[in-house]
Structures are given as C-alpha cells and as structure tokens.
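The structure under discussion appears below in the form of structure tokens.
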Amino acid sequence: MGEGLPPERYVEFDIAGLGTVVVDHQVILEQYPEPDSKSEIQTDWFQVGGPVPTALAVLARFGRRTTFLGHWGDDPFGAMIEADFQDEGIGFSGSCCRTGLRSGFAHAWIDARTGQRTIACSRAESPLSVEEVDEQLLARCGAIHLDGWPSEAAHYAARIVQKNGGTVFLDSGSPKPGMEQLLPLVDVLNCPRRFLTQFLGHDDIPRGGRELLARGPRMVTITDGDQGAMLFTGTEQLTQPAFSVTAVDTTGAGDVFSGAIVHATLAGWPADRTLKFAAATAALKCAKLGNREALPCLDAALRMIEG
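What follows is the structure, given as structure tokens:
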C-alpha cells in the first residue's frame, strides 16, 4: 500500500476520484408521504452529487488539486455536471461525455423536520471500463478516492496508484461487487454503520472496525449519524461524538466526512485530529441545504475543532 510518493515523481494532482456521478433532484417535504398518498413539495432544486464528486468538491475548496474519472451523457444533466466541475475547480480530462448516453441521476427526498434524506439513484448507462482508465493521468496523482463503482475500473485504478506509491481511499456506502478483492488495495476506508450489517452481517462498530482492518486498510472510519464516528488503526480506537448542530439537510454528509478524512490524511495529521476535523466538516454541511452551497471552507472547519 502507499507509504509515500517517490521523490522524483511529478505529481500534477493531489488526488483523483473515480466513481458515481449523478445529478440530484433534491426535494424538501414537510413529511414523507405514505404509500398511495401525496405530499406537498416545499422547495426543490438540482445539484451534482455522488460520493466521490462531493468529496472532491470539498477537497478543492480546501486547496487540493483534484481530477475526476467517469462518464456522463451529452444531455442537460451532463452539461450540468461539466459546469459544476468547472466551477469547483475539479479537472475531468480523464472523463468522457458519451454521445447518446443518459447521465446518472437521483431523487433525494429530505424530511424538513429532521433533515434526513431518502435517495433513489440511477447511474450512467455505460460505466467507465478498465480500458478507459487513464493510467498516465493516475501516475501523476498522489492519491485516488473511490466509491467502489464501477468495480473493475476501481480495482485497476487502485493498483496503478498503489504501484506508484500513492494512497488509496475508499468511501463505501454499500458493498459493491468485488469488495473483498478491493479492500486489500485500500489504505483508508470510510463507511457508514449500515455497511457493517450488509458486508459483515452485524452492526457492532468496534468489532467491525477490527474486522475491516484485518482485510487490508491501515485506517478505518465508521460513521453513525448523530451518534458520531469511530476511527481504527492497528494501534488506536477513537470515538468522536457528533457536533451539535440543527440538521437541515444530511444529504452528502458522509461524502463530506470522507473528503475531510482524505484532506487530513494527506496533510499527515494525527488520528484524533483527523477524526474530529471530519466530524466538524460534516456537521457544518448538515446545517445548510445543498451539496455545494453547504460545503464549509477550511477555516470554518478548523475554527470548529479549535474553538
């Protein structure tokens, strides 16, 4: 696994991202409708989402040089994705706009009372193939951030970055095909508590953290919503309570948490500061609506952990 970059290697990007990119239709509801009923929409908007793009947006705002590898279509949603990446300073030379392809999209229902969200997602019709992974681009990246999708491309990209001495990050919201084979290539794994049930068959966080470490990563973080998060290494087991904020929109909170873990790890911060920083960054996001408007600046997150 990546233990530092060879000093002679040219690094153009601090981190590349490979994973799902979608356009979210965010809908605020006074309450979720019961089956076969209706509910009034309070407000709605469209935004670019996906675990990796949202994490890259956070990292770009924190001053990291970022680039994305993936697919979208030549449709209005695809144009929205490209415009968002340009606005956020996320490179996408290793990506592809496919003629006739439908871009990925998602519907997100947000409960106005709690900020909790429920999502239905459809990925792009044609995922990035191994042959389309830009090996030369990845050789110029210090790290890669994955969500495990598409699985074959994720495995291939992880091996390239690992071979070049970079760091492999994985944010796994749910088990993807080939997860057992991917984990030995991963340096830093982030996942929510529900991943433990789906992948390990139980939701005991301390036990799950140790079991995931045994599969290859050198650091594992597990989030548990308003109950906080835990971090595990070979020598440490840390607990971080959630920061107290009024949750307005929890969409993307885990993505933002994971992006903050990436930033802190690349900066070489100690584990306790890394975990606290990630929790603060996610809390600041939850206090506002949106995947971009709600992203905190680095100074705000630092003030929260130092105040």
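Under UniProt numbering, the first residue of the sequence shown carries the number 1, and numbering increases by one thereafter.
Glycine included, each C-beta is placed from N, C-alpha and C at the ideal position.
Just so it is clear, the structure is predicted and the values come from calculations on it, not from any experiment.
Does DSSP put T223 in a helix, a strand or coil? By one-based count along the sequence shown, residue 223 stands at place 223. The answer is strand: DSSP assigns T223 an E or B state.
Open item on the list: Ignoring anything shorter than 4 residues, give me the alpha helix (DSSP H) runs that lie fully in the segment 81-117, in order along the chain.
Closed with: Fully enclosed alpha helix (DSSP H) runs of 4 or longer: not present.
Give me, in chain order, the residues of the same chain whose beta-carbon lies closer than 7 Å to that of P33; leave out the 5 immediate sequence neighbours on both sides.
Start at 1 with the first residue of the sequence shown, and residue 33 comes out as number 33. The beta carbon of P33 sits closer than 7 Å to the beta carbons of S39 from its chain, once the five residues preceding and following it are set aside; these are given in chain order.
*Touching by the beta-carbon criterion (3+ pairs, under 8 Å), the segment 135-145 and the segment 161-174*: The segment 135-145 vs the segment 161-174: in contact.
| Anyone know if the C-beta pair for V220 and C286 falls short of 8 Å? | Mapped onto the sequence shown, residue 220 falls at position 220. Mapped onto the sequence shown, residue 286 falls at position 286. For V220 and C286, no; Cβs fall outside 8 Å.
Could you spell out where the alpha helix (DSSP H) holding L238 opens and where it closes? By one-based count along the sequence shown, residue 238 stands at place 238. Per DSSP, L238 lies in no alpha helix (DSSP H) segment; the continuous beta strand (DSSP E) that holds it begins and ends at Q237 to Q240.
Would you tell me roughly how many angstroms separate the C-alpha atoms of R102 and T250, rounded to the nearest one?
In the sequence shown, residue 102 corresponds to position 102, counting from 1. In the sequence shown, residue 250 corresponds to position 250, counting from 1. Going from the Cα of R102 to the Cα of T250 covers about 27 Å.
- Among L212, R273 and P192, which one has its Cα closest to the Cα of Q181? Locating residue 181 in the sequence shown gives position 181, where the first residue counts as 1. Ranking L212, R273 and P192 by CA distance to the CA of Q181 puts L212 first.
Notebook entry, point to check: Between the C-alpha atoms of G148 and L295, what's the straight-line distance to the nearest angstrom?
Noted result: In the sequence shown, residue 148 corresponds to position 148, counting from 1. In the sequence shown, residue 295 corresponds to position 295, counting from 1. Distance between the alpha carbons of G148 and L295: 23 Å.
Problem set entry | As assigned by DSSP and simplified to three states, the class of V23 | Your numbering for residue 23 matches position 23 in the sequence shown. V23 carries a strand assignment under DSSP once its states are collapsed to helix, strand and coil.
List the whole-angstrom C-beta distance separating P51 from G173, where the pair is believed to meet the contact cut-off of C-beta under 8 Å.
Looking up residue 51 in the sequence shown gives position 51. Looking up residue 173 in the sequence shown gives position 173. So it is a contact: roughly 6 Å between Cβ atoms.
*Run through DSSP, which three-state label would F68 get?*
Your numbering for residue 68 matches position 68 in the sequence shown. When secondary structure is reduced to three states using DSSP, F68 falls in the strand class.
Identify the residues that DSSP records as bridge partners of V48: which are they? Here residue 48 refers to the residue found at position 48 when the sequence shown is read from its first residue. Partner(s): V23.
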